[in-house]
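Last residue of the sequence shown: 287 in the numbering used here, with the numbers rising by one and none dropped.
Take a look at the structure set out below.
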Amino acid sequence: MGNGFCGWYFKCQSKEQVLAVIPAWHGENGNRCCSIQLLTEDGAWNVPFPSGAFCLKQEDPLYLTIGENLFCEKGFLLNIHRQDLTVTGTVEFGPLAPPRYHFMGPFRWIPGLECRHEVVSMIHRVRGKVTINGRVYDFPRGAGYWEGDRGRSFPREYVWTQCCFPGGSLMLAAADVPLGPGRLLGTVGILFWRGREYRLATYLGAKVESLGKGTIRVRQGRDVLTATLLEGRERSLRAPAKGAMSRTVGESLACRARYLFQRDGETVFALESDQASFEYEFPF
Numbered sequence: 004m005g006n007g008f009c010g011w012y013f014k015c016q017s018k019e020q021v022l023a024v025i026p027a028w029h030g031e032n033g034n035r036c037c038s039i040q041l042l043t044e045d046g047a048w049n050v051p052f053p054s055g056a057f058c059l060k061q062e063d064p065l066y067l068t069i070g071e072n073l074f075c076e077k078g079f080l081l082n083i084h085r086q087d088l089t090v091t092g093t094v095e096f097g098p099l100a101p102p103r104y105h106f107m108g109p110f111r112w113i114p115g116l117e118c119r120h121e122v123v124s125m126i127h128r129v130r131g132k133v134t135i136n137g138r139v140y141d142f143p144r145g146a147g148y149w150e151g152d153r154g155r156s157f158p159r160e161y162v163w164t165q166c167c168f169p170g171g172s173l174m175l176a177a178a179d180v181p182l183g184p185g186r187l188l189g190t191v192g193i194l195f196w197r198g199r200e201y202r203l204a205t206y207l208g209a210k211v212e213s214l215g216k217g218t219i220r221v222r223q224g225r226d227v228l229t230a231t232l233l234e235g236r237e238r239s240l241r242a243p244a245k246g247a248m249s250r251t252v253g254e255s256l257a258c259r260a261r262y263l264f265q266r267d268g269e270t271v272f273a274l275e276s277d278q279a280s281f282e283y284e285f286p287f
């Protein structure tokens, strides 16, 4: 692995609690290291590791260890003991539910992209417990979501939101993407609902119709998907910039949000949840 980064985002959600775990590798100018970030409704932690602690035995299906921590398609195991942080626990995954085809579609083949995104599972069962500094995060019958990123840098400006709910899951993102001498405001959104996949994407003709004041609205022909951040508590996460984890972004892991999907003006799906996640670097 040269300069750049690769990371995986595991979200576990129950009726009462939400936890995100983000193992990653990153390097710049020959300086390589890895990390595990943890995010809850109440806090965020970044745990750095030396490069030798990172061992990616296989990528598809994933089998990754960072020190005594394991991440794979069956779940993850955490065992972190630092002066100010103790994390232990195991979470098991049920069968994964990947999108019907790659999240980025044909855009995944564009050379020179600063970031490539992949959704591994839109929703799956999670079961287990994680203890962070004595507080237990319990997922007896929870829902999980799994995605990954790789490249050099996160987009300069972007919006991302995700939520699991009974019967499905939703993810929507928009980003300012450099393409050659110009830039493109690209978007991809997937709604899993009642056994169907609804997808809106730039490569399918979707356009960001409005963005601001906590709302993103995407239109694709007769379909319109709207996501609105109603109330959130932002926590700081480290993000890559030219390989180094030198950027700070804000994520509300468990916030109140509203989602609406319409077709021909008729409501297909509507949800208001206090377990939604929002991450944004656009000036809302």
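Beta carbons are placed, not taken as given, at the ideal position from N, Cα and C, and that holds for glycine.
Since we're looking at a predicted model, the values are computed, not measured.
(request) Report the option in Ser255, Ala242, Leu274 whose CA atom is closest to the CA atom of Leu194. (result) Leu274
(request) Could you pull out every residue in the same chain whose Cβ sits closer than 6 Å to the Cβ of Lys14, ignoring the five residues on either side in sequence? (result) Ala23, Tyr148
(message) What would DSSP say about Pro114, mapped onto helix, strand or coil?
(response) coil
(request) Keeping to the same chain, check which residues put their C-beta closer than 8 Å to that of Val211; ignore five residues upstream and five downstream. (result) Ala177, Leu188, Thr190, Ile219, Arg220, Val221
(request) Classify Pro101 as helix, strand or coil using the three-state DSSP reduction. (result) coil
(message) For Gly215, count the other beta carbons within 10 Å of its own beta carbon; 16 or more makes it buried, fewer makes it exposed. Which is it?
(response) exposed
(request) Below 8 Å CB to CB, which residues in the same chain sit around Pro98 once its five sequence neighbours on both sides are set aside? (result) His127, Arg128
(request) Compare the Cα-Cα distances from Val123 to each of Thr93, Gln40, Gly10 and report the closest residue. (result) Gly10
(message) Am I right that Arg153 and Gly170 are in contact with their C-beta atoms under 8 Å? What's the rounded C-beta distance?
(response) Their Cβ separation, rounded to whole angstroms, is 31 Å, which puts Arg153 and Gly170 out of contact at 8 Å.
(request) Could you please give the first and the last residue of the uninterrupted beta strand (DSSP E) stretch that includes Ser280? (result) 269–283
(request) With DSSP as the reference, please indicate the residues paired to Phe79 in a beta bridge. (result) Phe74, Val94
(request) Report the partner residues of Gln223 according to the DSSP bridge assignment. (result) Asp226
(request) Measure the C-alpha to C-alpha separation of Leu116 and Arg259 and round it to an integer number of angstroms. (result) 32 Å
(request) Could you have a look at Gly46 and say whether DSSP puts it in helix, strand or coil? (result) coil
(request) State the start and end residues of the unbroken beta strand (DSSP E) segment that holds Pro181. (result) 171–182
(message) On the CB-based measure, 16 or more other CB atoms within 10 Å of its CB, does Ile113 come out buried or exposed?
(response) exposed
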